[in-house]
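Trainee: Mapping the sequence shown onto the numbering used here, position 19 (from 1) lands on 1268, and the numbers just tick up by one. Glycine is no exception: its CB is placed at the ideal position from the N, C-alpha and C atoms. As the structure is a prediction and not an experimental result, all values here were calculated from the model.
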Amino acid sequence: MKTLHQLGEYVLLMKKAIAIPTQWSMFFKQLVKEIYKLGVDSLWIVVVISVFIGTVIAIQISLNIASPLIPKFTIGYTTREIILLEFSSSIMCLILAGKVGSNIASEIGTMRVTEQIDALEMMGVNSANYLIMPKIIGLMLFIPVLVIFSMTTGIAGGMTASYLSGSMTPSSFEFGLQYHFTSYYIKYSIIKSVVYAFIIASVSSYFGYTVKGGSLLVGKASMNSVVMSSILILLADVILTHIMLT
1250 MKTLHQLGEY
1260 VLLMKKAIAI
1270 PTQWSMFFKQ
1280 LVKEIYKLGV
1290 DSLWIVVVIS
1300 VFIGTVIAIQ
1310 ISLNIASPLI
1320 PKFTIGYTTR
1330 EIILLEFSSS
1340 IMCLILAGKV
1350 GSNIASEIGT
1360 MRVTEQIDAL
1370 EMMGVNSANY
1380 LIMPKIIGLM
1390 LFIPVLVIFS
1400 MTTGIAGGMT
1410 ASYLSGSMTP
1420 SSFEFGLQYH
1430 FTSYYIKYSI
1440 IKSVVYAFII
1450 ASVSSYFGYT
1460 VKGGSLLVGK
1470 ASMNSVVMSS
1480 ILILLADVIL
1490 THIMLT
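#1: Quick one: what does DSSP say Ser1316 is sitting in, helix, strand or coil?
#2: Would you mind sorting Leu1345 into buried or exposed? The rule is 16 or more other CB atoms within 10 Å of its CB.
#3: Buried or exposed for Pro1317, please, with buried defined as at least 16 other CB atoms from any protein chain shown within 10 angstroms of its CB.
#4: Is it right to say Lys1384 is buried, meaning 16 or more other beta carbons lie within 10 angstroms of its own, or is it exposed?
#5: Can you give me the Cβ contacts of Gly1347 inside the same chain, cut-off strictly under 7 Å, excluding the 5 residues immediately before and after it?
#6: What is the rounded straight-line gap between the Cα of Leu1299 and the Cα of Asp1367?
#7: Suppose the cutoff is 8 Å on Cβ atoms and the five residues either side in sequence are ignored; what does the same chain contact list for Glu1258 look like?
#8: Could you check what DSSP says for Asn1378 in three-state terms: helix, strand or coil?
#9: Quick one: Cα of Met1389 to Cα of Val1281, how far?
#10: Less than 7 Å between CB atoms is the rule here; does Glu1423 satisfy it with respect to chain D?
#11: Taking Cβ positions, are Met1263 and Ser1451 nearer each other than 7 Å?
#12: Please go through the same chain and pick out, in chain order, the residues whose beta-carbon is closer than 6 Å to the beta-carbon of Ala1268, but skip the five residues on each side of it.
#13: Taking DSSP as the reference, what is the three-state secondary structure of Ser1451?
Here it is, written out as structure tokens:
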């Protein structure tokens, strides 16, 4: 019953949040602010993680493909497929769910317990639309940029590993990157990430917006938002992969 109650609350909140803004100038001002806070500020962690993960993936594959019967370009090919299909969309968004999701939940939750949201409602402002919609739209608009950066820097990390490791050559790694390249995988990854961005922003906003009690519950709401966002991202990954790749 609690799950159904939360689902109903979430749907009603999203219906209230996703509405035509009454003041477009204020909406665009908030949108730019959220894009910078949620997207641009996350760029550094995306780049750092992608470089190291791309390097580690290439090294581990090279160490495990020791058979002379397997061509060395397989290392570059496999690294590319892992980064394009799963890491730069699903795994990266799971990481962002921890950073961005907890930030959204704690921000809105703090506004709830300090009665700032109640003040907005008393002034006749649609608080859900004012607070939540710019976060959802902002993250969905900027997430493809983060995915492209993750793909680029992840592959660059793998290329770096080819120079550092003696078990593969840069030329064979580069050939593997180009071997049977499917541009649809980039589109597939971006579409998945946009869905994940909606999940992260909306679920985190829900847990923050519906906080009841004191400031101690803001931390619990932040934790719940990360857990639930991660579960829904994994569920959406299975569904989208089945729909788009099979």
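Mentor: Once the coordinates are examined:
#1: coil
#2: buried
#3: exposed
#4: By the 16-neighbour rule on beta-carbons within 10 angstroms, Lys1384 is buried.
#5: Val1475
#6: As written in the sequence, residue 1299 is Ser, which differs from the Leu given in the question. Between the C-alpha atoms of Ser1299 and Asp1367 there is a straight-line separation of about 41 Å.
#7: Tyr1455 and Thr1459
#8: helix
#9: Annotation: Met1389 to Val1281 spans about 13 Å, alpha carbon to alpha carbon.
#10: Here chain D cannot be found, since the structure has a single protein chain.
#11: Cβ atoms of Met1263 and Ser1451: closer than 7 Å.
#12: Asn1378
#13: helix
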